[in-house]
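Before any comments, here is the structure.
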Amino acid sequence: MMTACVLVADRWPTQSLVLALPIAASVQQRLRLDRMLVGVSIALLPFVLILPLTLDAADSVRVAGTIAFRSLSMMLIAQILFASGPMHEIVLAWKLPGVLGKMQSLALLTVRCIAAMSEQSRTVQNAVRMRGFRARTSLRTWETFGGLVRQMLRRADARGRRATLAMQTRGWAGRWPSLRVYAFGFRDRRLILAVFAVLLTIVSVECSAAKESP
Amino acid sequence: MIEVDSLSLGYGIDSHVLENLSLHVRPGESVGLIGRNGSGKTTLLHALCGLLNPSGGSIRIAGLDPRNPEDRRRIPRTVGLVFQDPDDHLIADRVDEDVAFGPFNLGLSRDAVRERVRDALAMAHLTGLEHRDPLAMSGGEKRRVALAGVLAMRPEVLLLDEPGAFLDLRESRHLAKILMGLNATMLIAGHDLELMRKCCTRIVLLDGGKICREGEPDRPWEDDPAFGDG
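In the order they appear, the protein sequences are chains A and B. Numbering-wise (the working numbering), the first sequence opens with residue 174 and increments by one. Numbering-wise (the working numbering), the second sequence opens with residue 47 and increments by one.
Listed below in structure tokens is the structure:
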């Protein structure tokens, strides 16, 4: 037990920093973290419970702690990068750090495609609900679900084809520029520094762990 | 402006949606295209834009041949098509961004695009709604956004596929007012005779992929069996 405490304490400052920076950045971006933290905690529970049964006490505590710290840090960074605003705006702002126009266009189309698919999904669900369908544990329910997914994909595909034609008639040539002009603000700079510091720390922790392992 | 001669087009080996169809539209003229569902109205509009390849006949639109790959690339600069379902047009999260999509594709500068967007929004009576999400707008507003997106390209020829579909009387009249104010050659496909009578100088009735009748908009088209009363 003593050894375990020493091992965790050995990495404690680095790992705390890894976790503290994105939390600070998330708070600064006014992101809601409660649901995400609960979700990650539940996802990590099996590791924390099972690891002590598979490894010796010292290693298990250290590994469980490391998994928890890293997962939380990664989730927070993902949250900052992909959920701190409307997805469309975030993708448009990718231009600032120099993301290629083609990648940006692809991401914008993917965002639009996901929106179209969820719209089709809602329509199809409403259509069956309005005709008296209730989900039960019967074969018919599963058949209906299968049919719904097929129908949703077909509709999304048809919509996608029509949207592509509409884009072609408006001269689509693979680029999707925007009217919006983005500029780095003070908060953005701080955020990028925080994310960069976290990534750097994670990489250094990984490298030192790789060196220590036999 | 639009010259279609002996046009034939089908989706399968034996099916012919359009058969030996000929249609001529003069510059500045507005022609209404009516007919039952499946009579070939949308197919004709898509063929005019080069989205479908005809199996026979010839098409010239604003001096361009949609079958020629070089001309087909130039078609978006001169021909605008407003699709039947406005949701097919809407790709951006803001009205102004959606309208700007076409002008950006023409390679214009940001300032020139902004000017075109402003003009197109004014023409479509959408000024003040620039930052709204098009997907959250009403059916009539969505249709006007789609129209503005095409108008921003400043096309010489405007093709409209059922522009009056799903619109209430007020929105339909609103749309008619906008179309009447445009200075473009127009081909309007649909069933909304009130809209056609206001906007068109001639109406063409399609049946079985052929033109079966054409004439003044004021004629009693509703009584014609080929229009859907038969």
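Each residue gets a CB set at the ideal place from its N, CA and C atoms; glycine is no exception. Owing to the predicted nature of the structure, the values given are computational and were not obtained by experimental measurement.
Whose C-beta lies closer than 8 Å to the C-beta of residue i among residues of the same chain, with five residues either side of it excluded?
i: A:Thr-227; result: Ser-233
i: B:Arg-200; result: Arg-162
i: A:Val-301; result: Thr-317 and Leu-321
Looking only at its own chain, which residues have a Cβ that is under 7 Å from the Cβ of residue i, when we skip the five neighbours before and after it?
i: B:Ala-166; result: Val-145, Ala-194, Leu-197 and Ala-198
i: B:Gly-164; result: Note that residue 164 of chain B corresponds to Arg in the displayed sequence, not to Gly. Excluding positions up to five away in sequence, the list is empty.
i: A:Ala-346; result: none
i: B:Arg-118; result: Gly-96 and Pro-112
i: B:Leu-172; result: Val-141, Arg-190, Val-191 and Ala-194
Nearest by alpha-carbon distance to residue i: which of the options is it?
i: B:His-37; options: B:Leu-175, B:Glu-268, B:Gly-236 and B:Ala-170; result: The structure shown does not extend to residue 37 of chain B, since chain B is modelled only from 47 through 276, so no value can be given for it.
i: A:Arg-369; options: A:Ala-251, A:Val-236 and A:Leu-210; result: It is Phe, not Arg, that sits at residue 369 of chain A in the sequence shown. When only C-alpha atoms are compared, the closest one is A:Ala-251.
i: A:Ala-280; options: A:Val-301, A:Val-264, A:Ala-197 and A:Ala-237; result: A:Val-264
i: B:Glu-176; options: B:Arg-216, B:Asn-99 and B:Val-141; result: B:Val-141
i: A:Ser-214; options: A:Val-236, A:Ala-193, A:Ser-244 and A:Ile-223; result: A:Ser-244
i: A:Ser-257; options: A:Ser-381, A:Thr-314, A:Arg-360 and A:Gln-277; result: A:Arg-360
i: B:Val-125; options: B:Leu-79, B:Pro-132, B:Gly-86 and B:Leu-233; result: B:Leu-233
i: B:Asp-131; options: B:Ala-158, B:Ser-54 and B:Gly-236; result: B:Gly-236
i: B:Glu-230; options: B:Glu-260, B:Gly-254 and B:Glu-202; result: Note on identity: in this sequence residue 230 of chain B is Ala, with Glu being the wrong assignment. When each option's Cα is compared against that of B:Ala-230, the closest is B:Glu-202.
i: B:Glu-143; options: B:Leu-154, B:Pro-115, B:Pro-266 and B:Asp-179; result: B:Asp-179
i: B:Asn-83; options: B:Gly-174, B:Ile-121, B:Leu-110 and B:Gly-254; result: B:Gly-254
i: B:Met-47; options: B:Ser-184, B:Pro-266, B:Ile-105 and B:Ser-155; result: B:Ile-105
i: B:Ser-101; options: B:Gly-109, B:Gly-174 and B:Ser-52; result: B:Ser-52
Could you tell me the alpha carbon to alpha carbon distance between residue i and residue j, rounded to whole angstroms?
i: B:Gly-103; j: B:Leu-64; result: 10 Å
i: B:Leu-136; j: B:Ala-192; result: 7 Å
i: B:Ile-91; j: B:Ile-107; result: A small fix is needed here, since residue 91 of chain B is Leu in this sequence, not Ile. Each residue's alpha carbon lies about 11 Å from the other.
i: A:Arg-332; j: A:Leu-338; result: 10 Å
i: B:Asn-99; j: B:Ser-68; result: 16 Å
i: B:Asp-264; j: B:Ala-222; result: 16 Å
i: A:Ala-237; j: A:Phe-306; result: 45 Å
i: A:Ala-275; j: A:Arg-323; result: With the sequence shown as reference, residue 275 of chain A is identified as Lys, and Ala is not the correct amino acid for it. Distance between the alpha carbons of A:Lys-275 and A:Arg-323: 30 Å.
i: A:Met-340; j: B:Gly-86; result: 22 Å
i: B:Glu-268; j: B:Ser-218; result: 18 Å
With a threshold of 6 Å on Cβ separation, who are the neighbours of residue i within its own chain once the five nearest residues in sequence on each side are excluded?
i: A:Met-174; result: A caution first: A:Met-174 carries a pLDDT of 35, below 50, which makes its placement in the model unreliable, though a value can still be read off. Around A:Met-174: no qualifying Cβ.
i: B:Thr-88; result: Asp-207
i: A:Ser-381; result: none
i: B:Leu-204; result: Gly-126, Ala-230 and Met-232
i: B:Thr-247; result: Glu-75 and Ser-76
Quick one: does residue i have its CB under 9 Å from some CB of chain C?
i: A:Thr-342; result: No chain C appears in the structure shown, which is made up of the protein chains A and B.
>> Under 8 Å: do the region 177 to 193 of chain B and the region 66 to 86 of chain B share three or more Cβ pairs, one atom per stretch?
In response: no
>> With a threshold of 8 Å, are at least 3 pairs of Cβ atoms found where one atom belongs to the region 325 to 337 of chain A and the other to the region 289 to 309 of chain A?
In response: yes
>> Runs of 4 residues minimum, wholly inside the region 142 to 227 of chain B: which ones carry the alpha helix (DSSP H) assignment?
In response: 156 to 169, 185 to 197 and 215 to 226
> Does the count of Cβ pairs from the region 208 to 218 of chain B and the region 232 to 249 of chain B closer than 8 Å reach three?
Replying inline: yes
> So does the region 343 to 363 of chain A actually touch the region 140 to 156 of chain B, counting three or more Cβ pairs closer than 8 Å?
Replying inline: yes
> What are the complete alpha helix (DSSP H) segments, minimum 4 residues, inside the region 48 to 117 of chain B?
Replying inline: 87 to 95
>> I'd like the ranges of any alpha helix (DSSP H) spanning at least 4 consecutive residues and lying wholly in the region 250 to 278 of chain A.
In response: 260 to 266
>> Restricting to runs no shorter than 4 residues, where is the alpha helix (DSSP H) found entirely within the region 228 to 257 of chain B?
In response: 239 to 245
>> Just to confirm the assignment: which complete alpha helix (DSSP H) runs, minimum length 4, are found wholly within the region 312 to 373 of chain A?
In response: 312 to 342
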